[in-house]
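S.K.: First residue of the sequence shown? That's 7 in this note's numbering, and the numbers climb one at a time after it.
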Amino acid sequence: MVSILPLKLTAATAHMRGKRLVGPVDFTLGSGGMTLVIGPNGAGKTTLLRLMHGLQRCSGGALIWAVPDVEARQSQAFVFQAPIMMRRRVIDSLAYPLRLRGMAKRAARGRAQECAQRFGLEDLLSSWAPMLSGGEKQKLSLARALIVEPEVLFLDEPCANLDGSATREIEAILLAAKAAGTRIVMSTHDMGQAKRLADDVIFMHKGLMHETGVAAEFFATPLTPEARAFIKGDIVE
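1. Would you mind reading off the limits of the alpha helix (DSSP H) that contains residue 236?
2. Which residues share a DSSP beta bridge with residue 160?
3. In this structure, how does DSSP classify residue 20 when only helix, strand and coil are distinguished?
4. How is the alpha helix (DSSP H) around residue 184 delimited, first residue to last?
5. Looking at C-alpha atoms only, which residue of 233, 27, 151 is the closest neighbour of residue 86?
6. Can you tell me where the alpha helix (DSSP H) with residue 53 in it begins and where it stops?
7. Use the C-beta contact count for residue 200: other C-beta atoms within 10 angstroms, 16 or more gives buried, fewer gives exposed.
8. Once you ignore the five residues that flank residue 219 on each side, which residues in its own chain have a CB closer than 7 Å to its CB?
9. Determine contact between the region 139-155 and the region 87-105, defined as no fewer than three beta-carbon pairs at a distance below 8 Å.
10. Which residue from 41, 33, 36, 23 puts its Cα closest to that of residue 162?
11. For the alpha helix (DSSP H) containing residue 8, list its first residue and its last residue.
12. Just how far apart, CA to CA, sit residue 50 and residue 12?
13. Between which two residues does the beta strand (DSSP E) carrying residue 96 extend?
14. Can you give me the start and stop residues for the alpha helix (DSSP H) that residue 72 sits inside?
15. Measure how close the beta-carbons of residue 176 and residue 183 come, nearest whole angstrom, since I'm counting them as under 8 Å.
16. Straight-line CA distance for residue 17 to residue 64?
17. Leaving out five residues on either side along the sequence, give the residues of the same chain with a beta carbon under 8 Å from the beta carbon of residue 88.
18. Just to confirm the assignment: which complete alpha helix (DSSP H) runs, minimum length 4, are found wholly within the region 104-139?
19. By the 10 Å Cβ neighbour count, where 16 or more other Cβ atoms means buried, how is residue 62 classified, buried or exposed?
20. For residue 128, which residues of its own chain have a beta-carbon under 7 Å away from its beta-carbon, when the five flanking residues on both sides are left out?
21. Nearest to residue 32 by alpha carbon, out of 96, 125, 215, 160?
22. With which residues is residue 209 paired in a DSSP beta bridge?
23. To the nearest angstrom, report how far apart residue 114 and residue 7 are at their CA atoms.
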């Protein structure tokens, strides 16, 4: 199977109602590892993820996958900060992405049961998805994204509204997915989480990739005053 990576952004920008949200951005997303996107509120983290995934229109520059866009879309997934629940039971929610790809209902449900066991959802298969707890909903969202075995997974602050126990479960799932070969790009406001998970970091500020680099080096010796202030917990304007 041909890889959809690298993803190359060349002077890529995103605008809405005449306002620049992100860019210009020059960046290449290569294969392997977990990239954490950090920065103050309003820095453009979510927009950058949406731009890479294709949910946000690229209004200038170029964003090019290693394969045609229609093929790239089939090999990536996106998990939102607020879980989006379908009005159906957990087993059918999990099976839905497979059904969209043409898998027979019985086979899709069988795969959904296997996936539920891996994600600790096996006791909830007959539950109505909208009635799950916050942590259960996020696990279901993540399982629904990973059941199609995407090459690239984008996540927008998936643990923002979760307690410590649920966050630990989500992080364990992400580490296992990375170990299995999924390329992960994730935004977070939690510096502890970024230090635990990141292989490399993108620091966003005022819509720009203000600083990028290997996580250990970034957190030990940030190169810019803005990044140093952010890591310290100071207000960055």
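Heads up, the beta-carbon is just placed ideally off N, CA and C, and yes, glycines get one too. Predicted model only: the values in this text are computed from it and were never measured.
M.R.: In this structure, then:
1. Where residue 236 is concerned, the enclosing alpha helix (DSSP H) stretches over 231-238.
2. For residue 160, which the question treats as bridged, DSSP gives the partners 84, 191.
3. When secondary structure is reduced to three states using DSSP, residue 20 falls in the strand class.
4. In the DSSP assignment, residue 184 falls within the unbroken alpha helix (DSSP H) covering 170-185.
5. Distances from the CA of residue 86 to each of 233, 27, 151 were compared; the closest alpha carbon is that of 151.
6. First-last of the alpha helix (DSSP H) with residue 53: 51-59.
7. It counts as buried.
8. Close CB contacts of residue 219 within its chain, under the 7 Å cut and outside five residues either way in sequence, are with 206, 207 (chain order).
9. Of all C-beta pairs linking the region 139-155 to the region 87-105, three or more are shorter than 8 Å, placing the two stretches in contact.
10. Distances from the CA of residue 162 to each of 41, 33, 36, 23 were compared; the closest alpha carbon is that of 41.
11. Unbroken run through residue 8: none, as it is neither H nor E.
12. Residue 50 and residue 12: Cα-Cα distance of roughly 22 Å.
13. Here residue 96 belongs to no beta strand (DSSP E); instead the alpha helix (DSSP H) covers 96-106.
14. Segment: none, residue 72 is in no alpha helix (DSSP H) and carries neither H nor E.
15. Their Cβ separation, rounded to whole angstroms, is 11 Å, which puts residue 176 and residue 183 out of contact at 8 Å.
16. For residue 17 and residue 64, the distance between alpha carbons rounds to 10 Å.
17. Hits under 8 Å: 167.
18. Considered as a whole, the region 104-139 harbours 111-124 as its complete alpha helix (DSSP H) runs of no fewer than 4 residues, in chain order.
19. Answer is buried; the Cβ neighbour count reaches 16.
20. Excluding sequence positions up to five before and after residue 128, its CB lies within less than 7 Å of the CB of 122, all in the same chain and listed in chain order.
21. When only C-alpha atoms are compared, the closest one is 215.
22. Answer by DSSP bridge pairing, in chain order: 44, 217.
23. If I take the Cα positions, the gap works out to 22 Å.
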